[in-house]
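Using full-length UniProt numbering, the letters of the sequence shown correspond one by one to residues 1 to 94.
Glycine is no exception: its CB is placed at the ideal position from the N, C-alpha and C atoms.
Read the structure below first, then the notes.
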Amino acid sequence: MDPECGPCPDDWILFRQKCYMFYDEPAPWKTWEESRRFCQDRGADLLAIGDLVEQKFINKHIKYYQSEYHGYWIGLQHVNNTWTWVDGRRDTLG
């Protein structure tokens with residue numbers, strides 16, 4: 001987030017100079033591609049977790065669903081046999 005741009009949009013949460021939006025609307029649920037497009041249409045992208053502190057922040061703010069049919073998409077994808085974040089970094093957390 002650029003400090004000159006102002007605060008986060010309504011219903012978003014500021015953490016470490018980034019704005020986070022947690023989408024937990026009921027069905028119909030989105031595919032990974034639809035979710036990424038949804039974020040990009042709002043000037044954002046799916047989450048690319050940078051470190052354990054950020055991961056703990058995320059865990060604190062998501063709803064827990066005891067269901068195999070519901071969850072959250074993050075910005076991690078399998079590209080050329082390598083797990084890669086949407087920002088281009090290789091996964092180092094897993």
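- Ranked by Cα distance from Gly-71, the first of Arg-16, Trp-85, Pro-7, Asp-24 is Asp-24.
- Assignment of Cys-8 by DSSP, reduced to helix, strand and coil, places it in the coil class.
- Relative to Gln-77, the option among Ala-27, Trp-12, Thr-31, Met-21 whose CA is nearest is Thr-31.
- If the five residues before and after Arg-36 are omitted, its C-beta is found closer than 8 Å to the C-beta atoms of Asp-45, Leu-46, Trp-73, Gly-75, Val-86, all from its own chain and listed in chain order.
- Taking C-beta separations shorter than 7 Å and ignoring five residues to either side along the sequence, the partners of Thr-82 in its chain run Arg-90, following chain order.
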